[in-house]
Amino acid sequence: MDLSLSHVTHRYDGLEVIRDISLDIPHGQIVCIIGPSGCGKSTLLRITGGLEQPSEGAVLQIGEPPENSLNPLTYIFQDFALLPWRTVEGNVSLVLEDHDLDATRRNEIIDNVLGRTKLLDFKSVLPRQLSGGMKQRVAIARALAVNPAVLLMDEPLSALDSQTSELLIDDLAELWTREPFTACYVTHNLAEAVRLGHKVAVFSRRPGKIRELVDIDIPLQERTATHPALEEMRQHLWNLMREEALAADQELSHAG
Amino acid sequence: MPDKDWPVERKKGKPVAFRGGGFAPKPLGIIGPLVFIALITIWEWGSQAGWISPLVLPAPSEAFTAFKELAVSGNLGKHVGASLLRLVVGWTCGTVLGLIVGVSIGLFSLARAGLVPLVSAIFPIPKIALLPLFIIWFGIGEGSKIATILFGTFFPTVIAVYGGVDNVDRTLIRMGQSFGLSWTSIVRKIILPGALPAMLSGSRISISIAIVLLVAAEMIGAEYGIGAYILLAGSLMATDQLIAGVAMLSILGLIIAWLIERAERYLLKWRT
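If you're matching them up, the sequences are chains H and C in order. Numbered by numbering that gives the first Met the number 0, the letters in the first sequence go through residues 0 to 255 in order. Numbered by numbering that gives the first Met the number 0, the letters in the second sequence go through residues 0 to 271 in order.
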């Protein structure tokens, strides 16, 4: 299943935050959206997954999601959004309980996703006992449990320290290599975008428009932090972003 | 092995003065009971020595004797039983109704718009002032007493519960929606557990209000009950019995506070 954003414009109380975005999220690829803070990229992601309605334009679903997909459009949030009163297992189980699955099937799914995210030993641990990186792994496991057609990731590594996020980038790349998934990945971190993105869309400052759409053809497993072609790409993207970030930084806040 | 580049000998100078610490009260389990024991000992000693007149304040030992007499006469069970029944029924009904209304206010715009002003208008009225009305409406028997406690606990519960529902982390609710959870699942599995801490701290307040109202209600037309016992002792100037009755209330309050704390510790062990 592909997703296609077609001429999406969004306003909050007359203030235009996104202007005329058209973007394809093709099956089996990770599309990164990168831009300065306040450029409306998180809003766009909420619109993409149906948590918000765009003022104009539409998000189109092309093709049907796989039949065993319980929740075709699934989010991974920046602040993890784990229920603090449920264990790791309980948090994954939460998203399966509303579906018609018997207990054995549910446990199979839970064990499978916790195994894929290397969390099997932490099944009965409460979130408060986990580090930030582990919490986000639980959130990733929860997202994988519903077998999503498209993963919508809203700055999933921004709340983590740089070492932890480096490790999680590797984990995500490995997850994708073993079983390619479709994702829209919003971030303000260039390093994440060039490591994980098959396509990178650079947003301008508010109102957010796509300034440039860059394809990165290097396979994910070959990308390392010091890959020369990637470094060049990173530099190119940074030059594009630089002036936007600078201008966005100097703008007075209209939020709130 | 000593490192030559690193100066081993102490340099001259004074250590930086420590100025952190404090502002973090620690639990000291022994102090609380000690304060009680010290106060009662001083009181008893003062009465024995004669500088506290038995007319002004009877000695703790006298109050304890009055309590023993009450126990021997067999009326202790009747008084405490009658009070506990009113307290439990009134508080439970008030809390359940308060939960229902509080959650509705937290979830539905119509309930919020319609009921919040009403709650704000009735909450500050001392329910004791309404007692004569309750007697007309519900009779002089158990009905008016339970109604007083029910009304008294209902309003603080409503306010605590809807505050708790309002404070549930919106990102968790958004998460529930994004995974396609049903409305009932979101309420049952996200909103209610999220509001539980506020509900429990609300119950601490409502139970104290319930005890205050219990005594007030029992002072009118009750044969048995701790409040009736205190009222009778007061009108006979039997201050030793009065102190015994007041002590019973205080112990009742302590036991309930302890129970709520146990419940909090068990139900909220997920909190940091």
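We treat Cβ as the ideally placed atom computed from N, Cα and C, and that holds for glycine.
Interface partners of residue i on chain C, CB under 8 Å
i, result
"Thr73/H", "Ser177 and Phe178"
"Asn238/H", "Result: empty, since nearest Cβ-Cβ is about 34 Å, beyond 8 Å."
Chain C contact residues for residue i, given Cβ-Cβ distances below 9 Å
i, result
"Val145/H", "Phe178 and Gly179"
Limits of the unbroken alpha helix (DSSP H) element including residue i
i, result
"Arg203/C", "Leu191 to Glu217"
"Glu141/C", "Glu141 to Asp165"
"Ser103/C", "Asn74 to Leu106"
"Arg136/H", "Gly131 to Ala144"
"Lys25/C", "From DSSP, Lys25/C is part of no alpha helix (DSSP H); its letter is neither H nor E."
"Gly89/H", "Val87 to Glu96"
"His235/H", "Pro227 to Gln249"
"Lys40/H", "Lys40 to Thr47"
"Ala246/C", "Thr238 to Leu266"
"Ala102/H", "Ala102 to Arg115"
"Ile346/C", "Chain C is shown from 0 up to 271; residue 346/C falls before or after that span and cannot be answered."
"Leu166/H", "Ser161 to Arg177"
"Pro131/C", "Leu130 to Phe137"
"Leu50/H", "From DSSP, Leu50/H is part of no alpha helix (DSSP H); its letter is neither H nor E."
"Ala232/C", "Ile225 to Ser234"
"Ile127/C", "Per DSSP, Ile127/C belongs to no alpha helix (DSSP H) and is neither H nor E."
"Ser177/C", "Arg169 to Ser177"
Which residues DSSP lists as bridging residue i, in chain order
i, result
"Thr8/H", "Glu55/H"
"Asn150/H", "Reading off the sequence, residue 150/H comes out as Leu, not Asn. Per DSSP, Thr73/H and Ala182/H."
"Asp214/H", "Lys198/H"
"Gly207/H", "Ile17/H"
"Asp1/H", "Ile61/H"
Contacts that residue i makes with chain H (C-beta to C-beta distance below 7 Å)
i, result
"Trp269/C", "Pro83, Trp84, Leu125 and Arg127"
Chain-ordered neighbours of residue i on chain H, where CB pairs are closer than 8 Å
i, result
"Thr170/C", "Phe76, Asp78 and Ala80"
"Met174/C", "Tyr74, Phe76 and Ala80"
Endpoints, beta strand (DSSP E) assigned at residue i
i, result
"Val30/H", "Ile29 to Ile33"
"Asp19/H", "Leu14 to Ile24"
Residue i: contacting residues in chain C (beta-carbon distance under 7 Å)
i, result
"Asn256/H", "Outside the modelled stretch of chain H, which goes from 0 to 255, sits residue 256/H, for which no answer is possible."
Distance between beta carbons of residue j and residue i, contact taken as under 8 Å
i, j, result
"Leu241/C", "Gly252/C", "With a Cβ gap of about 17 Å, Leu241/C and Gly252/C do not count as contacting."
"Ala215/C", "Ile124/C", "Incorrect: roughly 14 Å between the Cβ atoms, too far for contact."
"Val91/H", "Ala140/H", "6 Å"
"Tyr74/H", "Ser177/C", "4 Å"
"Leu258/C", "Ile210/C", "That belief does not hold up - the Cβ atoms of Leu258/C and Ile210/C are roughly 13 Å apart, past 8 Å."
"Ile39/C", "Pro59/C", "5 Å"
"Leu86/C", "Ile139/C", "Their Cβ separation, rounded to whole angstroms, is 19 Å, which puts Leu86/C and Ile139/C out of contact at 8 Å."
"Cys38/H", "Ala192/H", "Not quite, the Cβ-Cβ distance comes to about 14 Å (not below 8 Å), so this is no contact."
"Ile258/H", "Arg136/H", "As displayed, chain H neither begins before 0 nor continues past 255, which places residue 258/H out of reach and without an answer."
"Thr152/C", "Thr94/C", "6 Å"
"Arg222/H", "Leu212/H", "About 19 Å; that fails the 8 Å criterion."
"Leu171/H", "Leu236/H", "Actually they are not in contact, since the Cβ atoms of Leu171/H and Leu236/H sit about 19 Å apart, beyond 8 Å."
"Gly193/C", "Leu213/C", "The pair is not a contact, with the Cβ atoms about 32 Å apart (cut-off 8 Å)."
"Leu113/H", "Arg105/H", "Not a contact, Cβ separation roughly 12 Å."
"Val167/C", "Gly101/C", "Contact flag wrong, Cβ pair sits at about 13 Å."
"Ser5/H", "Val185/H", "Not confirmed; about 19 Å, so no contact."
"Ile17/H", "Met240/H", "Rounded, the Cβ-Cβ distance is 17 Å, inconsistent with contact."
"Ile209/H", "Leu2/H", "With 8 Å as the limit, Ile209/H and Leu2/H do not qualify as a contact, their Cβ atoms being about 15 Å apart."
"Ile46/H", "Pro53/H", "5 Å"
"Glu165/H", "Gln77/H", "Incorrect: roughly 17 Å between the Cβ atoms, too far for contact."
Original post:
Along the region 184-218 of chain C, what residues have a CB closer than 7 Å to any CB found in chain H?
Top reply: If you check each beta-carbon in the region 184-218 of chain C against every beta-carbon of chain H, the ones closer than 7 Å belong to Ser184, Lys188, Ile189 and Pro192.
**OP:** Mind checking the region 40-55 of chain H against chain C and listing, in chain order, the residues whose C-beta falls within less than 8 Å of any C-beta there?
**Re:** Per Cβ criterion, the list reads Gly48 and Leu50.
Original post:
Listed from N- to C-terminal order along the chain, which residues in the region 94-116 of chain H have their beta-carbon within a distance smaller than 9 Å of any beta-carbon of chain C?
Top reply: Within the region 94-116 of chain H, the residues whose Cβ lies closer than 9 Å to some Cβ of chain C are Val94, Glu96, Asp97 and His98, listed in chain order.
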